[in-house]
Ligand code: NDP
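In the numbering used here, the protein residues as written are 4 to 482.
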């Protein structure tokens, strides 16, 4: 299968005629070839987006909301295909792809269609004047997204950008291009206006960088690693582009001494190993009160042992492969480093060779490491794989200090029988998103984003709609 860029409503080859191989990481097989696009392709896409801008931005808000609803319906009718393609492209279990990736990709359009309806005109009265705050489209916006939740994260940006009247040039990760291409096919099938959404495939250093540098792209919404985020900011900020950066994390799961240990162990295992630990919100540092540590460990190991690592195409698999052989090497090298740093592997710790058709797949057993210092590299650097370190603390203040001891500040969870105590601990953790007695429980109206090196800005609800708008104040003086 060969996929093409989607520019001006047409599927077109990259101008240099060059293609990259795309692999299924659970089998090692080549599944497709994708354009290795350059700045020239980005320039064409920006031109198409600019040409489409006047008509799209002139639609009323309700007309754009209708388009979002149509897209959601069209995706809903092909939900299983989304899940199958996403599972094949990422190596994640089909169950997870169905429940999380496909479902959320659709609900992103449904949610922003509904949420945009609630947008009220803001007015501020003065004694002698009225201020009207209006939201104008920004223009052509650039979206760059990672491989871990490909269509989920892309549509999380596309839906609010569209509904606020912008046109788009987007680059998905070159490791997971297939559902973005599928979305383009769906848009073409419902006669979505040409040029409003343009998808250009290729490498970050070529196609991605060209999006950042293009002078006609007025805003950049980026989700990815912190080191790439620095490049994004260094390029786009001096051009005064509006910027949203959703970056990496090294999140703490804090188990207080009064927690229901069985529930907390299941929660901690899910937080650490969902999607093979490749969710920015994953709890890769498990902090446990010393009073309950010995009781907690066997419960955690039991919870991990119930997670079946298996062929992602099978319904009963809980954990699939990691994204690529290179990423597997990186994750395994951290496990080796942990051993050198004095860590003890208490669960997993190695590559898993599965039977055919997955014998060449990049599978790693869910791994828990104890005995490492809280400031060791494995406990502070983002590994982004099925590896969690576990640490003892004495008292809530030490837990908070440990949780805050990294450059990151994205998310975390606190487990306790005392909700007020849980909320109080959560308030002191330097992160953008905290859960008490749950994890990844999302209300899409709430702000989503990180502090410290985990990002700048917030997505979700009004925050996304405001990001993709130019807020303009018009002050009308009374007669
Ligand atoms: P990367 O930062 O490597 O890549 C993200 C995207 O940026 C990809 O499309 C990539 O293209 C592109 N890119 C790379 N270099 C450049 C460049 N110079 N200019 C423009 N674009 C570029 O992240 P990963 O794909 O490896 O994703 C994993 C990371 O994403 C983790 O750190 C994770 O924590 C973070 N993440 C954060 C989330 C959040 O909401 N805070 C959510 C999900 C993930 P290419 O694929 O070709 O390199």
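For every residue, glycine included, the Cβ atom is placed at its ideal position computed from N, Cα and C.
- Looking at the backbone, the Cα of residue 21 and that of residue 205 are separated by about 10 Å.
- Remark: the C-beta of residue 151 is in contact range of ligand 1, defined as less than 7 Å to any heavy atom.
- Counting C-beta atoms within 10 angstroms of its own C-beta, residue 361 has 16 or more neighbours from the protein chains shown and is therefore classed as buried.
- Residue nearest to residue 395 within the set 437, 389, 472 and 405 is 405 (criterion: CA-CA distance).
- Inter-residue distance for residue 324 and residue 224 is about 28 Å (C-alpha atoms, whole angstroms).
- Shown here, residue 438 sits in a strand according to DSSP, grouped into three states.
- In the structure shown, the three-state DSSP call for residue 327 is coil.
- DSSP places residue 117 inside the alpha helix (DSSP H), whose first and last residues are 106-120.
- Taking the C-beta atoms as reference points, residue 276 is found nearer than 8 Å to residue 322.
- Here residue 218 is exposed, its C-beta having fewer than 16 other C-beta atoms within 10 Å.
- Counting only runs of 4 or more residues that sit fully inside the region 13-40, no alpha helix (DSSP H) segment turns up.
- Under the rule that a run must span 4 or more residues, the alpha helix (DSSP H) segments found entirely inside the region 285-343 read 296-308 and 328-343.
- As a beta-bridge residue in DSSP terms, residue 418 pairs with 258.
- Note that the C-beta distance between residue 288 and residue 391 is below 8 Å.
- Counting only runs that start and end inside the region 136-184, the alpha helix (DSSP H) elements of at least 4 residues fall at 153-166.
- If you ignore the 5 residues before and after residue 145, its C-beta comes within less than 6 Å of the C-beta of 172, 214, 220 and 223, all in its own chain and listed in chain order.
- The C-alpha of residue 23 lies about 13 Å from the C-alpha of residue 181.
- Residue 437 is positioned such that its CB atom lies no closer than 8 Å to that of residue 463.
- For residue 246, the secondary structure class from DSSP, reduced to helix, strand or coil, is strand.
- In this structure, the beta-carbon distance from residue 370 to residue 345 does not fall below 8 Å.
- With contacts defined as CB atoms closer than 8 Å, residue 93 and residue 159 fail to qualify as a contacting pair.
- Between residue 229 and residue 456, the C-beta gap is smaller than 8 Å, which places the two residues in contact.
- CA-CA distance, residue 251 to residue 284, rounds to 9 Å.
- Look at residue 28: its beta carbon is at least 7 Å from all of the heavy atoms in ligand 1.
- For residue 222, the enclosing beta strand (DSSP E) begins and ends at 220-226.
- Residue environment: residue 143 is assigned as buried (16 or more neighbouring CB atoms within 10 Å of its CB, all protein chains considered).
- Of the candidates 152, 378 and 76, the residue whose Cα lies closest to the Cα of residue 102 is 152.
- According to the DSSP assignment, residue 387 belongs to no beta strand (DSSP E), since it is labelled neither H nor E.
- Straight-line spacing of the CA atoms in residue 231 and residue 161 works out to 21 Å.
- The beta carbon of residue 412 lies closer than 7 Å to those of 433, 434, 435, 453, 454, 455 and 457 in the same chain, with the five residues before and after it left out.
- Closer than 7 Å to some heavy atom of ligand 1: that describes the Cβ of residue 234.
- In this structure, the beta-carbon distance from residue 183 to residue 157 falls below 8 Å.
- Across the structure, residue 79 and residue 133 are spaced so that their CA atoms are roughly 44 Å apart.
- Relative to the non-hydrogen atoms of ligand 1, the Cβ of residue 433 never comes closer than 7 Å to any of them.
- Ligand 1 approaches residue 457 closely enough that one of its heavy atoms is under 7 Å from the residue's Cβ.
- For the pair residue 264 and residue 295, the CB atoms are nearer than the 8 Å cut-off.
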